[in-house]
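A.B. asks:
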Amino acid sequence: MSYLYFPGCSLKGTGRAYEESLLAVFRALGIPLTELADWNCCGATAYMSIDEHQAFALAARNLALAESQGSPADGAVQLIAPCSACYLVLLKAQQCLAADIALCQEITIALKEEGHCYRGRVRIRHPLDVLVHDVGLSEIARHVRQPLRGLKIACYYGCQIVRPFALFDRPHDPSTMDDLVRILGAEPVSWPLKTHCCGGSLTGTIPEVGWRLNYLLLREAQRRGAHLIVTVCPLCQFNLEAYQDQIRQRYPDLAPMPVLYFTQLIGMAMGLPPRELGLQRLLIPVDGLMAALSKEGAHARA
Amino acid sequence: MSERPMEGERSFEPRIVAFFCNWCTYTAADLAGTARMTYAPNIRIIRLMCSGRLDPQFVLAAFRHGADGVLIGGCHPGDCHYQEGNYKALRRYLLLKRLLREMGIEEERLRLEWISASEGDRVQKVANEFTETIRRLGPLRLAPRPGVIRLPVAALPEPSPAAREGALP
Amino acid sequence: MAAIERRIRYESELDPSFAREIIAFSGSPSLMACIQCGTCSSACPLSLYMDYTPRRIIAMVREGFKQEVLSSRTIWLCASCYACTVECPKQIRITDVMYALKRYAIREGVHPPRFPIPVLARLFYNTVRRRGRLTESWTVLRLYLQTMPLRIPGMSSLGWKLLRRGRFPLRPEGIRDRQGLQRVLRVVERQEVTA
Amino acid sequence: MRAHEIYPNGGPRIGVYVCHCGLNIAGKVDVHEVVEFAKTLPFVVVAREYKFMCSDPGQEMIREDIREHRLNRVIVASCSPLLHEATFRRVLEQAGQNPFFFQMVNIREHVSWVTEDPREATEKAKALVAAAVRRVIFHEPLQRRRVPVKDHVLVVGGGIAGIHAALTLADAGKHVYLVEREPTIGGHMAMFDKTFPTLDCAACILTPKMSAVAAHPNITLWTYSEVIQVEGFVGNFRVRVRRKPRYVIEELCVGCLQCIDACVYKDARFPDEFNLGLGKRKPIYIPFPQATPRVVLIDPETCIWFKTGKCKRTCLEACERKAIDFEQQERIEEIEVGAIILATGFKTFDARRIPEYGYGKYPNVYTALEVERLVNAAGPTGGEVRLRDGRVPKRVGIIHCVGSRDERFNRYCSRVCCMYSLKLAHLIKERTGAEVYNFYIDMRTPGKGYEEFYDRLLQEGVHFIRGRVAEVTDWAITPEEEGKLIIRVEDTLIGVVRRIPVDMVVLAVGLEPQPDAEEVRRMFNISCSKEGFFLERHPKLAPVSTFTDGIFLAGACQGPKDIPDSVAQAGAAAAEALALIDKGYVELEPNTAYIVEELCSGCKTCISLCPYNAISFDEVRAIAVINEALCKGCGTCVAACPSGAARQHLFEDAQIFQEIEGVLAYV
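Take a look at the structure:
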């Protein structure tokens, strides 16, 4: 199956390593991934706060582009959206357009201005969903060169990929990432904050509020014995990683906790070169852990 | 007594005859009433004991006498009060659809629905939907329709033997 | 000591059509079915900072407390995590109600001045409308300049680190067919006005 | 031929009566206009309106008109025939008319209550009246069939409702078959320690009734048994019951329990169903000491002999009366009864369906039913409230409305949870001295002595926090939360979100229909309401009847109910059953099919269609013959007869054709 890929604005900025590692992993698995040409902002949270219908139009334009650029499989073009916010907004727009005929007409008329047309034949996918359900855990296991043995990981799903529109995992106690992490040889820690919110853009707008939320997440991961947190969303990753200095000034009991994209973790286990995975872009490096791992790996091989 | 206005004089109001079985659908229609679920006034309900009593002639008669649509309501499969009358209704319904097609009547004018005694909301939904379907299809144009009541007294059919035998008080 | 305030509300101070407007705006008629159980508030990760809990916002919307609702901090603190929407036993789309309230407040211009969240929303909106995509670096810089200039020194080291790691590219992003997109959005806008 | 020639008394003389039903009809339909319209219809001699046609003066008005105007046909336009058809037919009878010269027009449920616009409602009412006038002209005099009834009653389900119904009927001298699926009767009530609001000991009030059932000469008690087939109709049901083998001969076992002591398993080690797995039992066991009948049973799933065929079978030797029978087979019993009472009860909501409450994940989250066993003196802990690790909880949170009042699960209020939560709060506090928190959405205490009980709990210092809990978690934020379960809730009366650490969480799970309610419903040919409980014939006026005559409902199978209501309903169901069978016969609607012999071509189409084998073929005359005693009046054969020879009383083709034309002629 071939997939179209909708990066979203963050994957071209703070989340560059997400894009790099995602592309690297898919390449290594031999799955073609084509970036959607001339994609635009998905119409996420902030835009929806100003104008809902315009936000839907933004999302629908991307869906229309996907329909014209992709080749359908099972009647729909598969469009991968790695950012949780993009994933949610595209899904939301799709479901609202399907449910509300008047809205759908309004958006169709507007899209015609640019010569686009959306017919509802796109399936919006999160890469976690694709990797676990399309590619399959056994196929990924086949590609693991350097099992992440001994690594304890807090799988952080964040809010928007599991609720309220997504269907590929349980909204209260998702487990796909835990299963994936286990296949890579690492150990997912049991922690109750898998889907608690990171605060989204609040870290930028009301920093103290956002920082406290992230402090609670980081502290709990730390207390449950996690070596690192793995995320599926550029905003979650940024919030959890970038403000750790600021958080520590207020809450000194916090030790540095690396925060990786799940695609980076897969890449590490597959033995892909760190630079291809954008590991050098992390603010809290995993070099130490990597070194320990490769020693372990050497041990295992010997 | 108001005569039915000519088509085109005002917006078309479909005339729909509904045959509901006593145990499920008729009861559901009662429930819709008890729950005050309003729906299109175009549905005229005729009670049968079972949808299996539905003689295909009833449907044809309804169309002949001016119905624009006919709705049949029975118990869900497996729920028939008389074991399987609803399956018989289903067979006749399928046959009727073919027949209607042959007669040049749109087959959407006949609809069969399984509605259980607790599904008052379904009566509402089906009544509204079906009325809209028929409204979209427009009036059924067959032979001229009766306007005022013309009870064919002279042509009263023979009463059944029981009546003839003078059991009347 | 805080100023003593009158807490009574007279009917003439309320807006009886407010609930209807918000229902239409949010597409969530089940709002009227709220049983005030408070699940939304306790599911909300941010309710601890809110002046009114989400449950109270629903109650106030329903009763027409328009002024209080639109000027409350609550609606801006909503991070759209949808926890309340998923948990609500009456299936009220609370997140969408919050979006509707934000849009209403921005339209009426009643949100707290220089409050960073609506400012960010506006910056985001303008950039996307103009260029089709967002450039995170510039948006954040503008936001800090407009709302929290004094915090810039404290954040500069983070900015520098991000720049060095290539995570803060300053080259503005944009799509090719900007005019086309703007036409699309203008048509949506026109239709909304006529509707 | 003209109508007056056909009808000896000068042709149809019709009276039309339109009911206001207070404002129920008159508030929407212009009743006066309908009456004036009716007067213009052929053969209508009188047309009148009245506020309440079903009232005495209304009925009298019709009777008088029948006499005065020599009416021979009557139409009443009011509510649903399912409600008052019998009433008005009786009116005709009282006035010396055959009751089947009557047609009812449903202008309430089918018109005034479901139509927005008064104009349209009035027009619809007129159309339906017109149809009825046309129809009733073709009505004929009919006689009701009388069928004798069997005077035995089947009660299905041996909880408190079934027990009470069975005892009531047995005391009235009727023979009762009480069939219970479990090895003992007693149902949920047998699991409780105390009952609200009086704190009566459940066992003290229930066990005497259980023994009375076992000892009653008029009751045949079949436990560990299930109804597998129901045939027939009111007064004459044929029922097959499967009696599962308990591998112990009931008649011989005296309940000495020596076999249990003798079992090769020295310790009880299998989860015990009666204690919801909180206690243990052996493969040969008795559910609880007061089980009725007091007869042991062997569980073949856990018994070594059944699993491997190798066991010393020490139980055999231990039984002096030789009651143990490893060869026992299931038995099918066939009975004939006149009435059936269903008292199949409820099941509790599966708390795992709300993962955020952590049931099944955190060991110290319990369902209320489990806690009933914990506080029960005969329960696994001897009545001490202890957590699974043996600790006594110091702080306990009780979460109300688990699975109830929730669009995602059950929309309805389960009615009993508030009160049983209060009871458990009281018992837990009494036994442990713990701080107890109740988390409720609304307190519902409508019942005799219920509000007073709530007041007592308030005074006892139990905490009542108004708010639905979003989450139970082991995620501690502050030091006092370490090692506890934390309940996150909005205290809605104060308007702040609180986190309350507790040692034990009790989930007040709601009541749901039994998982097999749907199959039972089909077997007994009754209906279920939307949420899956059995549907009563009328919520107010026929609350224990079903749409199938002769089948009655008692207890929580009809909807969530507490013990007093279940018992009251069981008494009502018993009275209805008694009223039915005591009369000795039932009158059946004369809506049977018949064959007009001269028209029958002998094609046999009808014979295979009849679900009741009521049609046979007369080889000599080469025609179909209908046995009216077997015919139930569905009319399937009538609709299928190609020559029009099969007809149905009360639903004659001519009548229905007139009705069709009637509703269409006037729109």
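Chains as they are written, first to last, in my numbering: chain V, 441 to 742; chain R, 868 to 1036; chain S, 2 to 196; chain W, 1406 to 2072. We put the CB at the ideal spot given by N, CA and C, even for glycine. From a predicted model like this one, the values you see are computed outputs, not experimental measurements.
Whose Cβ in chain S lies nearer than 9 Å to the Cβ of residue 498/V?
C.D. replies: 129, 133, 182, 185 and 186
A.B. asks: Using a Cβ cut-off of 9 Å (strictly closer), state whether residue 1719/W contacts chain V.
C.D. replies: Among the CB atoms of chain V, none fall inside 9 Å of the CB of residue 1719/W.
A.B. asks: Taking only beta-carbon positions, decide if residue 1760/W is within less than 9 Å of chain V.
C.D. replies: yes
A.B. asks: Counting only Cβ pairs nearer than 9 Å, list the residues of chain R close to residue 1880/W.
C.D. replies: Those within 9 Å of residue 1880/W in chain R number zero; the least Cβ separation is about 42 Å.
A.B. asks: Could you run through the stretch 41-56 of chain S and flag, in chain order, every residue whose CB is less than 8 Å away from some CB of chain V?
C.D. replies: Close to chain V, meaning a Cβ-Cβ distance shorter than 8 Å, are the following residues of the stretch 41-56 of chain S: 46, 47 and 50.
A.B. asks: Give the range of the alpha helix (DSSP H) segment to which residue 1938/W is assigned.
C.D. replies: Residue 1938/W -> no alpha helix (DSSP H), and no H or E assigned at all.
A.B. asks: Kindly list the residues whose CB is nearer than 6 Å to the CB of residue 71/S, restricted to its own chain and excluding five residues on each side of it in sequence; keep chain order.
C.D. replies: So the list reads 106 and 111, once near-sequence residues are dropped.
A.B. asks: Quick one, which of 996/R, 881/R and 971/R has its alpha-carbon nearest residue 933/R's?
C.D. replies: Nearest neighbour of residue 933/R by Cα position, chosen from 996/R, 881/R and 971/R, turns out to be 881/R.
A.B. asks: Taking residue 567/V as the reference, which of 620/V, 554/V and 534/V has the closest Cα?
C.D. replies: The residue with the shortest Cα to Cα distance from residue 567/V is 620/V.
A.B. asks: Evaluate the contact criterion for the stretch 153-165 of chain S versus the stretch 523-539 of chain V: three or more CB pairs, one atom per stretch, below 8 Å.
C.D. replies: no
A.B. asks: Does any CB atom of chain W fall closer than 9 Å to the CB of residue 84/S?
C.D. replies: yes
A.B. asks: Using a Cβ-Cβ cutoff of less than 8 Å, which residues in the same chain neighbour residue 1846/W once the five nearest sequence positions on both sides are dropped?
C.D. replies: 1805, 1806, 1810, 1871, 1872 and 1873
A.B. asks: Can you say whether residue 46/S is buried or exposed, counting buried as having 16 or more other CB atoms within 10 angstroms of its CB?
C.D. replies: The residue in question, residue 46/S, is buried, as its Cβ has 16 or more Cβ neighbours within 10 Å.
A.B. asks: In or out: residue 1474/W buried (at least 16 other Cβ within 10 Å) or exposed?
C.D. replies: exposed
A.B. asks: Taking residue 478/V as the query, report the chain S residues whose CB atoms sit under 7 Å from its CB, ordered along the chain.
C.D. replies: Within 7 Å Cβ-Cβ: 176, 177 and 178.
A.B. asks: In three-state terms, what does DSSP make of residue 584/V?
C.D. replies: DSSP places residue 584/V in coil when its eight states are reduced to three.
A.B. asks: Across the stretch 1711-1722 of chain W and the stretch 1921-1931 of chain W, are there enough close Cβ pairs to call them in contact, namely three or more that are closer than 8 Å?
C.D. replies: These segments do not touch.
A.B. asks: On a CA-only basis, which of 2061/W, 1957/W, 2033/W and 1897/W is nearest residue 1551/W? Give me that one, please.
C.D. replies: Of the candidates 2061/W, 1957/W, 2033/W and 1897/W, the residue whose Cα lies closest to the Cα of residue 1551/W is 2033/W.
A.B. asks: List the residues of chain S whose Cβ lies closer than 7 Å to the Cβ of residue 481/V, in chain order.
C.D. replies: In chain order: 129, 133, 134 and 135.
A.B. asks: Could you tell me which chain V residues have their CB closer than 9 Å to the CB of residue 170/S, listed as they occur along the chain?
C.D. replies: 452, 453 and 456
A.B. asks: Taking a contact to mean a Cβ-Cβ separation below 9 Å, would you say residue 1514/W touches residue 899/R in this structure?
C.D. replies: yes
A.B. asks: Work out the CA separation of residue 118/S and residue 687/V for me, nearest whole Å.
C.D. replies: Between the C-alpha atoms of residue 687/V and residue 118/S there is a straight-line separation of about 21 Å.
A.B. asks: Could you tell me how far apart the beta carbons of residue 1862/W and residue 1839/W are, in whole angstroms, since I believe they sit closer than 8 Å?
C.D. replies: Not really, about 14 Å apart at Cβ, beyond 8 Å.
A.B. asks: Just verifying my parser: in three-state terms, what is the DSSP assignment at residue 689/V?
C.D. replies: Three-state result, residue 689/V: helix.
A.B. asks: For the alpha helix (DSSP H) containing residue 155/S, name the first residue and the last one.
C.D. replies: 153-165
A.B. asks: Which first and last residues belong to the alpha helix (DSSP H) in which residue 76/S is found?
C.D. replies: It spans 75-78 - the alpha helix (DSSP H) in which residue 76/S sits, taken as one unbroken run.
A.B. asks: Specify the secondary structure class of residue 1971/W as computed by DSSP and reduced to three states.
C.D. replies: helix
A.B. asks: Between 449/V, 490/V, 463/V and 716/V, which has its C-alpha nearest residue 480/V's C-alpha?
C.D. replies: When each option's Cα is compared against that of residue 480/V, the closest is 449/V.
A.B. asks: DSSP three-state call for residue 1666/W: helix, strand or coil?
C.D. replies: helix
A.B. asks: When the Cα of residue 1584/W is compared with those of 1443/W, 1749/W, 1555/W and 1488/W, which residue comes out closest?
C.D. replies: In this structure, 1749/W is the residue among 1443/W, 1749/W, 1555/W and 1488/W with its C-alpha nearest to the C-alpha of residue 1584/W.
A.B. asks: Is any non-hydrogen atom of the ligand ADP found closer than 8 Å to the C-beta of residue 728/V, if you look at the structure I gave you?
C.D. replies: The ligand ADP is not part of this structure, which contains no ligands at all.
A.B. asks: Which value, in whole angstroms, describes the spacing of the CA atoms of residue 2042/W and residue 2017/W?
C.D. replies: 11 Å
A.B. asks: In whole angstroms, give me the CA-to-CA distance for residue 1470/W and residue 2057/W.
C.D. replies: 27 Å
A.B. asks: I'd like the list of long-range same chain contacts for residue 1425/W, defined as Cβ closer than 6 Å, with 5 residues on each side in sequence excluded.
C.D. replies: 1431, 1436 and 1456
A.B. asks: Could you tell me which of 64/S, 32/S, 77/S and 31/S sits nearest to residue 52/S, measuring between CA atoms?
C.D. replies: It is 77/S.
A.B. asks: Quick one: grab the DSSP three-state call for residue 1766/W.
C.D. replies: coil
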